[in-house]
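Reading through the structure tokens given below for one structure.
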Ligand code: MSP
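In this note's numbering, the protein residues as written are 184 to 830.
In structure tokens form, the structure reads like this:
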């Protein structure tokens, strides 16, 4: 009989860039939690999916020369796509939603209309700064150094007729939610962040439709507008259960969700915008949002991996899926950031999986084969050191559960490894190889080995949510039948039959030679960099007429200064030979001091359409050359006069 329901979700992933180990982190965590709750007897609904609409996807598809639908289909369901990745990682999701699924699209239209009808959505005009990669509007004061506060990239001015959601009406309601349900948002540091950065200053109405692109869910009653991608995406958590659609019929059963797992940068959407939307719809609120930390590389983001291999497919191929899953949850506390490196991964596999767990299994099984031909005798004798080990086994399920129920995966695993270490120490204490020398000690030797099998059995049950396939292999080796590997069976020492038969198998986690492996990974990285170079598209040839369209003019720098609040931009006042000063902005402040450039002779493209950068007009582009991240301005002999054209 089910103990109740448990609904858990991951964020739905953008099918744009290749997913890296950081993305895998969240899905693997949710998978471990789902498996744990199933093991405990809950009726689990584990949902993941893909977030397929929005300008970013539209632009990527265009760059790839594809229609957006075909583009996302390939990344989601094509060979080596997201579905394949989750299969490889042994993700046991019960449902997978794509925001381009018909039923979801129709439900979004209804959800939008519901919020419009109840007065929470109104039509207005939007002026703001938009970050395309994050699909987020920002106000000037929210920017950090003039850039998107989430991702640090450039934002651009945007203005359009738009629908707005009255988020400003929800400030007090969300504050009240946090007060009345202190465990709604965890870890608690995230609550402080939301309160101080967004709620205390007061929420602003949220722009929830766009008219400048079409790749999204059209607003049914105003089809020039598409629904803001976050309204579309967040709603997946209820549409996937059948909310406002007939595809599924599980809404009553599973909603409200027990926990949304999300990365820290999208906590704001899940703990402010999402509950406000649900309040507007009159629906129950999530029981919990858990904002986990990021996996970082040398302080930087995963997507900029340098030197480390972060492709989960490659890592899983080299070390096995379970080793990778284990590392992610064992190494880092779930709520905070963690620094990823290949060295750390290999070292963790060696110490915990190969040495502590793997060795205990292989030594125990090997000794039973060697001393008893594989089957223990029923006649056994208790002895010194048994009680402490047995007590540790009997207590383990409770200490583990206390951690798992707090989503403290690292601590839960650590509880298991304390008992495995106790088991390894027990071997040293009881010295079975010494016992084996004397026939009279056989009952004692048998009990020692039995106790080791029991240690392995209970620990392995509790490791199953993290490393399911490897645990199945271990159960086979120690002769633990199905009824002895259940949740109930994890609470008790002594369930294996005394005359159990073991079966030696291959090492479940072979030890990795660190130096050799790091060298191999370096080679792999080099080869990858080479292939990337070869794959870089060669520029298409252009006609001479095309070439003549570009006006290149020699300019003298009359003045140059840094643009305030920008780390990148320099503002140039140039003499281009026309008698009127020309202003150009160039993103080269990292490479030159402004004052060094005054008087220099440069080349500018002078018939480029003017554009605004950080509020300044830029009329043209200075020519510079880039290699390996270093940028040099093209400088000419000072004898060449301003206004000279390239011919
Ligand atoms: N599409 C949105 C989510 C919409 S949910 C209604 C999105 N997608 S994402 O693909 O960019 O990110 C998905 C998840 O991966 C986020 O929770 C994000 O925090 C997580 N991660 C991406 N890089 C990560 C690390 N380096 N480390 C840990 N998690 C990271 O956001």
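Virtual Cβ for every residue (Gly too), placed ideally from N, Cα, C.
* Asked: Less than 7 Å separating the beta-carbons of residue 412 and residue 237?
  -> yes
* residue 396 - containing alpha helix (DSSP H), residue span -> First-last for residue 396: undefined, no H or E at that position.
* Delimiting residues of the beta strand (DSSP E) encompassing residue 748 -> Premise fails: residue 748 is in no beta strand (DSSP E) and is neither H nor E.
* Asked: Under the DSSP definition of a beta bridge, which residues are partnered with residue 735?
  -> 788
* Would you say residue 407 touches the ligand MSP, meaning its beta carbon is less than 6 Å from a heavy atom? -> no
* Where the beta strand (DSSP E) containing residue 344 begins and where it ends -> 339–348
* Have a look at residue 462 and residue 373 and give me their C-alpha separation to the nearest angstrom. => 21 Å
* Asked: What are the complete alpha helix (DSSP H) segments, minimum 4 residues, inside the stretch 511–579?
  -> 525–531, 542–555
* Asked: Which whole-angstrom value is the C-beta distance of residue 231 and residue 195, which I expect to be below 8 Å?
  -> 7 Å
* Would you say residue 460 touches the ligand MSP, meaning its beta carbon is less than 6 Å from a heavy atom? -> no
* Quick one, which of 731, 375, 350 has its alpha-carbon nearest residue 362's? -> 375
* Cβ atoms of residue 388 and residue 400: under 7 Å apart, would you say? -> no
* Taking the alpha-carbon positions, what's the residue 756 to residue 743 distance? -> 6 Å
* Asked: Name the DSSP beta bridge partners of residue 819, please?
  -> None; residue 819 has no bridge partner.
* Taking 7 Å as the cut-off, decide whether the C-beta atoms of residue 492 and residue 704 are in contact. => yes
* **Heavy atom of the ligand MSP within 6 Å of residue 335 beta-carbon** => no
* Determine the direct distance from the alpha carbon of residue 708 to that of residue 407, and round the result to whole angstroms. => 46 Å
* Opposite residue 320 in the DSSP bridges: which residues? -> 313
* Consider the C-beta atom of residue 537 and the heavy atoms of the ligand MSP; say whether any pair is separated by less than 6 Å. => no
* In chain order, what residues of the same chain have a beta carbon less than 7 Å from the beta carbon of residue 427, not counting five sequence neighbours either side? -> 290, 293, 294
* Return the chain-ordered list of same chain residues with a C-beta closer than 6 Å to the C-beta of residue 511, the five sequence neighbours on each side being excluded. => 208, 211
* Asked: The alpha helix (DSSP H) spanning residue 770 covers which residue range?
  -> Counting along the chain, residue 770 falls outside any alpha helix (DSSP H), and DSSP gives it neither H nor E.
* **the ligand MSP heavy atom lying under 6 Å from the CB of residue 234** => yes
* To do: Decide if residue 789 is buried, meaning its Cβ has at least 16 other Cβ atoms within 10 Å, or exposed.
  => buried
* Asked: Smallest Cα separation from residue 561: which of 679, 278, 351, 736?
  -> 679
* **Buried versus exposed call for residue 710 [16 or more other C-beta atoms within 10 Å across all chains shown]** => exposed
* To do: In angstroms with no decimal places, state the Cα-to-Cα distance between residue 519 and residue 691.
  => 30 Å
* Separation of residue 551 from residue 687, as counted between CA atoms -> 9 Å
* Could you tell me which residues DSSP puts in a beta bridge with residue 190? => 228
* **Span separating the alpha-carbon of residue 435 from that of residue 200** => 35 Å
* Could you tell me whether the Cβ atoms of residue 668 and residue 544 are closer together than 7 Å? => no
* **Best match in 815, 795, 542, 478 for proximity to residue 611 [C-alpha to C-alpha]** => 542
* Asked: Should residue 733 go down as buried or exposed, given a rule of 16 or more other Cβ atoms within 10 Å for buried?
  -> exposed
* To do: Inspect the beta-carbon positions of residue 772 and residue 753 and report whether they are closer than 7 Å.
  => yes
* Reducing DSSP to helix, strand and coil, say where residue 360 ends up. => helix
* Taking Cβ positions, are residue 768 and residue 801 nearer each other than 7 Å? -> yes
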